[in-house]
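Note sheet for the following structure.
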Amino acid sequence: MEPTSEVLLRQAERFQGKVLLAGLPADGLLGELPQALGWSWHAGEQKQLDARYPGRCAFGVTPPEGDFEAAVLFLPKSRELTDYLLAALASRVPNGELYLVGEKRAGVERASKQLAAFGRTGKLDSARHCQLWHTRIGEAPAAPDLHALAQRYELPLADGPLQVVTLPGVFSHGRLDRGSALLLEQLDNLPTGHVLDFGCGAGVIGATLKRRYPASRLTLLDVDAFAIESSRLTLAANGLEGDVIAGDGIDAAPRDLAAIVSNPPFHQGVHTSYQATEQLLREAARHLHAGGELRLVANSFLKYPPLIEQHLGACRTLAEADGFRIYSASRR
């Protein structure tokens with residue numbers, strides 16, 4: 078059981094009714110609270126929860142319909158996303174209770190000030206390096222408009238400006254990160270066919286690929302529901318088409334690909350994890366057809382070339398700048 082779940086269960090009597098658990102970990106919490114429902118925006122955790130507790134956890138960018146007696150937000154990393162989630166949950170608990178739980182090092186005490194926008198707050202518990210905060214909702218506010226919170230910016234590319242739409246919580250919300258900027262400069266001479274943007278985020282790389290290679294089929298894949306929605310909005314803003322799918326890692330990707338292009342993720346909540354990228358490097362060959370290419374950007378200090386050469390083929394460095402490198406390898 079995760080420490081945040083353990084803190085909740087210290088106050089288990091508060092959560093025995095119809096409770097919505099938002100951003101809950103993939104542990105046994107739902108089994109301890111039989112009337113609770115979950116809401117997840119992480120495809121991997123959703124898959125685990127659905128396998129263990131079928132039909133008890135919704136996936137997406139908006140909470141499940143209905144009124145609840147209480148709602149609990151497991152603190153996410155993004156402050157902007159926290160604002161949206163608290164407002165969305167408050168709209169589902171008229172005359173009910175709204176809770177916030179999270180790790181101290183993730184800033185839960187600071188985030189309690191965001192909870193205070195909905196009423197007088199109090200700290201109920203502190204244990205396992207976590208805190209549990211609470212307020213009571215009177216008349217529920219209107220559900221927030223997620224799309225109204227989107228940030229939009231324009232990228233001046235060689236073949237014309239690209240419109241980018243990002244939602245709260247999505248990597249590099251409202252701006253282009255340095256790794257993606259370098260990768261955008263190294264998209265020439267890719268094999269044509271079915272192309273995957275792995276860890277698509279706001280869809281910058283995928284939209285650029287579709288415009289550069291219009292005859293190629295495009296799939297965009299991300300683990301996060303808010304990234305999936307951002308990618309859909311970015312494609313629509315540029316009049317482009319692509320298949321946007323949610324999945325946890327390369328195992329969720331199609332097979333027989335001509336190319337995989339990626340600025341791969343390396344954050345999981347407040348923790349740093351390279352597991353998804355390392356799995357991509359180990360398994361890319363299974364998803365590429367013969368001669369298919371993997372092209373990605375990574376921090377220069379990461380020792381990826383040996384892993385690429387072990388599982389895929391000879392690794393070339395196409396560019397290096399600002400602490401990043403662009404690697405390329407083709408399936409043997």
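Here the sequence shown is numbered in this note's numbering, starting from 78 and rising by one per residue. The beta carbon of each residue, even a glycine, is placed where N, CA and C say it ideally should be. Quick caveat, the model's predicted, so the values are computed rather than measured.
Length of the line joining the Cα atoms of residue i and residue j
i      : j      : result
Phe303 : Leu114 : 20 angstroms
Arg205 : Glu180 : 8 angstroms
His119 : Val84  : 22 angstroms
His344 : Phe145 : Note that His344 has pLDDT 49, beneath the 50 cutoff, so the model's placement of it is unreliable and the number below is only indicative. Using only the alpha carbons, I get a separation of about 32 angstroms.
His348 : Leu201 : With a pLDDT of only 47 at His348, under the threshold of 50, the placement of this residue in the model should not be trusted; the figure read from the coordinates follows. Looking at the two C-alpha atoms, the distance is approximately 25 angstroms.
Arg288 : Ser339 : 16 angstroms
Lys124 : Ala391 : 35 angstroms
Gly316 : Ser249 : 22 angstroms
Val178 : Leu150 : 6 angstroms
Leu395 : Tyr161 : 40 angstroms
Glu386 : Ile327 : 18 angstroms
Ala193 : His211 : 9 angstroms
Thr159 : Gly368 : 44 angstroms
Ala292 : Ile337 : 16 angstroms
Pro331 : Pro111 : 36 angstroms
Asp333 : Gly280 : 21 angstroms
Pro481 : Arg252 : There is simply no residue 481 to check, as the chain begins at 78 and stops at 409 in what is shown.
Gly346 : Glu122 : Caution applies to Gly346, whose pLDDT of 45 falls short of 50 and renders its modelled position unreliable; the value that the coordinates give is listed next. Their backbone Cα atoms lie some 12 angstroms apart in a straight line.
Lys190 : Cys277 : 32 angstroms
Residue range of the alpha helix (DSSP H) that includes residue i
i      : result
Leu358 : 352-364
Phe303 : 302-314
Ser82  : 80-86
Test item: CB-CB of residue i and residue j under 9 angstroms
i      : j      : result
Thr311 : His271 : no
Gly100 : Pro153 : yes
Leu259 : Phe275 : no
Arg169 : Ala220 : yes
Terminal residues of the beta strand (DSSP E) in which residue i lies
i      : result
Tyr230 : 228-234
Thr243 : 237-243
Gln208 : 207-213
Ala204 : 199-204
Val321 : 320-323
Glu386 : First-last for Glu386: 382-388, but that is the alpha helix (DSSP H), not the beta strand (DSSP E).
Q: Give, in chain order, every unbroken run of the alpha helix (DSSP H) that is at least 4 residues long and sits entirely within the region 113-185.
A: 120-129, 156-167
Q. Should the region 260-268 be regarded as contacting the region 280-294, the criterion being three or more beta carbon pairs within less than 8 angstroms?
A. yes
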